[in-house]
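Trainee: Note that numbering that gives the first Met the number 0 has the sequence shown beginning at 0, numbered continuously upward.
The C-beta atom is built at its ideal place from N, Cα and C for all residues, glycine as well.
Computed from a predicted structure; not experimentally measured.
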Amino acid sequence: MQKLKNKRVVVLGASGRIGFSLCERLAPHNEVIGVARFTDEERARALNQMGVETIPLDLAAEDLDALPDDVDWLFIEVAYQHGAEQHPELAEALNVHLPARALMYFRNVQGVVFASTGNVYGLPGRVITEEDREAPIGVYGLTRYAGEQVVKFFCREFNIPTVILRYFYGNNEHYGIIKKIATTLQAGELPPIWMGAQINCIAHEELVERTLRAAPHAAVPAFVMNLTSSNPYPLSTIIQYIARELDITPPPLNHIEERERMTLAALTPIQDRLFGPTEISLEQIVKRVCKPLRKSKSIKA
Ligand SMILES: NC(=O)c1ccc[n+]([C@@H]2O[C@H](COP(=O)([O-])OP(=O)(O)OC[C@H]3O[C@@H](n4cnc5c(N)ncnc54)[C@H](OP(=O)(O)O)[C@@H]3O)[C@@H](O)[C@H]2O)c1
Numbered sequence: 000m001q002k003l004k005n006k007r008v009v010v011l012g013a014s015g016r017i018g019f020s021l022c023e024r025l026a027p028h029n030e031v032i033g034v035a036r037f038t039d040e041e042r043a044r045a046l047n048q049m050g051v052e053t054i055p056l057d058l059a060a061e062d063l064d065a066l067p068d069d070v071d072w073l074f075i076e077v078a079y080q081h082g083a084e085q086h087p088e089l090a091e092a093l094n095v096h097l098p099a100r101a102l103m104y105f106r107n108v109q110g111v112v113f114a115s116t117g118n119v120y121g122l123p124g125r126v127i128t129e130e131d132r133e134a135p136i137g138v139y140g141l142t143r144y145a146g147e148q149v150v151k152f153f154c155r156e157f158n159i160p161t162v163i164l165r166y167f168y169g170n171n172e173h174y175g176i177i178k179k180i181a182t183t184l185q186a187g188e189l190p191p192i193w194m195g196a197q198i199n200c201i202a203h204e205e206l207v208e209r210t211l212r213a214a215p216h217a218a219v220p221a222f223v224m225n226l227t228s229s230n231p232y233p234l235s236t237i238i239q240y241i242a243r244e245l246d247i248t249p250p251p252l253n254h255i256e257e258r259e260r261m262t263l264a265a266l267t268p269i270q271d272r273l274f275g276p277t278e279i280s281l282e283q284i285v286k287r288v289c290k291p292l293r294k295s296k297s298i299k300a
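Below you can see the structure in the form of structure tokens.
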């Protein structure tokens with residue numbers, strides 16, 4: 000299927016990890032409008048240099064009227080996660096009300112890509128697929144699940160082709176679960192129980208590439224897909240790879256029932272059928288994430 004070309008595209012969350020990379024990929028072939036608060040002005044400048052028009056807006060509080068509505072595609076890459084339990088009103092505003100307001104405002108677009116999360120499955124304690132029932136937990140999970148329902152509703156109501164991507168665990172040297180585990184091991188500790196016993200890991204650039212490839216599959220009713228590595232990895236394997244890269248001996252990982260119960264891990268049969276299995280291996284991700292960590296360790300030494 001064709002990638003987006005010669006389109007007018009709005010990216011909500013353009014300064015974020017995924018939104019920024021999407022703008023970077025879309026800008027050479029499309030007219031791109033990037034929206035965020037741009038708390039880091041440098042991000043806006045970098046986007047402008049790529050030819051992206053940036054519009055600063057607080058999407059939790061301000062009207063969308065400042066945005067053009069004659070656009071072809073809409074990417075929603077915004078969510079309120081950290082602090083959701085303490086500030087449920089902000090989680091509701093960004094995770095539920097914003098998708099509703101955006102789909103109403105941009106109801107004439109050719110397609111919508113909505114970034115959701117594996118957290119809509121809650122903590123199943125096993126490996127799941129899109130066939131499994133969602134069972135979100137806590138304010139974050141619940142508001143993301145509610146956001147999906149809102150998107151599904153407006154997709155049908157206004158006949159807007161939509162794809163809902165449930166991302167799990169993007170990684171690069173700047174962010175992600177591999178970096179978190181590596182720094183925990185460097186501090187001589189084991190990864191916390193909440194990380195579970197099996198974890199998916201996808202390279203950031205592959206997640207972005209597959210987001211773009213998923214866009215033309217937008218449909219009514221909304222097309223829903225897990226987007227992560229094609230299979231999860233045992234935490235013990237991840238620890239072993241990281242320890243090798245960092246040249247450390249990690250504490251032993253004993254079997255703990257609670258860790259098993261906290262597992263949120265996925266298979267991605269729909270993604271694999273459309274695009275084939277993910278190509279960047281766990282080993283490649285670990286090498287890349289650990290390289291700067293190894294350097295910083297030797298600088299300190
Ligand atoms: N990356 C992953 O591995 C992953 C995994 C699961 C789900 N997801 C989902 O994918 C989407 C993008 O993730 P990400 O990692 O790119 O997130 P991120 O780096 O945290 O980016 C979030 C974006 O939202 C903007 N934003 C936050 N509050 C805003 C507000 N009130 N008004 C306007 N803009 C606001 C931020 O910019 P400003 O601060 O400048 O406003 C930023 O551009 C999110 O829905 C996230 O839940 C990502």
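According to DSSP, is Ile-247 part of a helix, a strand, or is it coil?
Mentor: Correct three-state label for Ile-247: coil.
Trainee: Using only CA atoms, which one of Arg-293, Ala-186, Met-194 lies nearest to Ile-176?
Mentor: Per the Cα distances, Met-194.
Trainee: Return the Cβ separation of Met-224 and Leu-164 in integer angstroms, given the expectation that the two are a contact with Cβ distance under 8 Å.
Mentor: That pair is a contact at about 6 Å.
Trainee: Does ligand 1 have even one heavy atom less than 7 Å from the beta-carbon of Arg-44?
Mentor: Not under cutoff, so the answer is no.
Trainee: Assign Met-0 to one of two classes, buried (16 or more other C-beta atoms within 10 Å of its C-beta) or exposed (fewer than that).
Mentor: Any answer about Met-0 is weak, because its pLDDT of 47 lies below 50 and its placement is not dependable; what the coordinates show is given next. Exposed is the call here.
Trainee: With 16 as the cutoff for other CB atoms within 10 Å, does Ile-155 come out buried or exposed?
Mentor: The displayed chain sequence assigns Arg, not Ile, to residue 155. Classification of Arg-155: exposed, given that the 10 Å Cβ count is below 16.
Trainee: Leaving out five residues before and five after Ser-108 in sequence, what residues of the same chain have Cβ atoms less than 7 Å from its Cβ?
Mentor: It is worth fixing the name first, because residue 108 is Val in this sequence and not Ser. Only Val-70, Asp-71, Trp-72, Leu-73, Ile-159 meet the Cβ criterion.
Trainee: Since Ser-14 is in the beta strand (DSSP E), which residue starts that stretch and which ends it?
Mentor: Run containing Ser-14: none; DSSP gives neither H nor E here.
Trainee: Beta strand (DSSP E) containing Ala-35: first to last residue?
Mentor: It spans 30-35 - the beta strand (DSSP E) in which Ala-35 sits, taken as one unbroken run.
Trainee: Ser-115 bridges to which residues according to DSSP?
Mentor: Arg-165.
Trainee: Would you say the region 22-32 touches the region 1-8, given that touching needs at least three Cβ pairs under 8 Å?
Mentor: Output reads yes: the region 1-8 touches the region 22-32.
Trainee: Compute the beta-carbon to beta-carbon distance between Val-112 and Ala-213, rounded to the nearest angstrom, for a pair I have assumed lies under 8 Å.
Mentor: Yes, Val-112 and Ala-213 are in contact; Cβ-Cβ is about 7 Å, under 8 Å.
Trainee: For Pro-291, I'd like the list of residues in its chain whose CB is within less than 8 Å of its CB, leaving aside the five on either flank, ordered along the chain.
Mentor: For Pro-291, where only same-chain residues beyond five positions count, the Cβ hits under 8 Å are Glu-172.
Trainee: Inspect the CB distances between the region 203-213 and the region 138-153 and report whether three or more fall short of 8 Å.
Mentor: No, the region 203-213 is not in contact with the region 138-153.
Trainee: With hydrogens ignored, establish whether the beta-carbon of Arg-16 is closer than 7 Å to any heavy atom of ligand 1.
Mentor: Because some heavy atom of ligand 1 lies under 7 Å away, the Cβ of Arg-16 counts as near it: yes.
Trainee: Compute the Euclidean distance between the alpha carbons of Leu-211 and Ala-13, then round it to the nearest angstrom.
Mentor: If you take the alpha carbons of Leu-211 and Ala-13, they lie about 15 Å apart.
Trainee: Using a Cβ-Cβ cut-off of 7 Å (strictly less than) and excluding sequence neighbours within five positions of Gly-140, which residues of its own chain qualify?
Mentor: So the list reads Asn-118, Val-119, Gly-121, once near-sequence residues are dropped.
Trainee: Looking only at its own chain, which residues have a Cβ that is under 7 Å from the Cβ of Ala-99, when we skip the five neighbours before and after it?
Mentor: Val-149, Phe-153.
Trainee: Could you tell me which of Tyr-166, Leu-273, Asn-230 sits nearest to Ser-280, measuring between CA atoms?
Mentor: Here the closest residue by C-alpha is Asn-230.
Trainee: Among all the DSSP beta bridges, which residues are the ones paired with Phe-153?
Mentor: The partner list for Phe-153 (beta bridge, DSSP) is empty, contrary to what the question assumes.
Trainee: Where does Met-0 sit, in a helix, a strand or coil, going by DSSP?
Mentor: Confidence at Met-0 is low in this model, with a pLDDT of 47, below 50, so its placement is unreliable and the value that follows should be read with caution. Residue state, collapsed to three classes: coil.
Trainee: With DSSP run on the structure shown, which of helix, strand or coil describes Val-223?
Mentor: Strand at Val-223.
Trainee: Whose C-beta lies closer than 8 Å to the C-beta of Ser-20 among residues of the same chain, with five residues either side of it excluded?
Mentor: Closer than 8 Å at Cβ, skipping near neighbours: His-203, Glu-204, Val-207.
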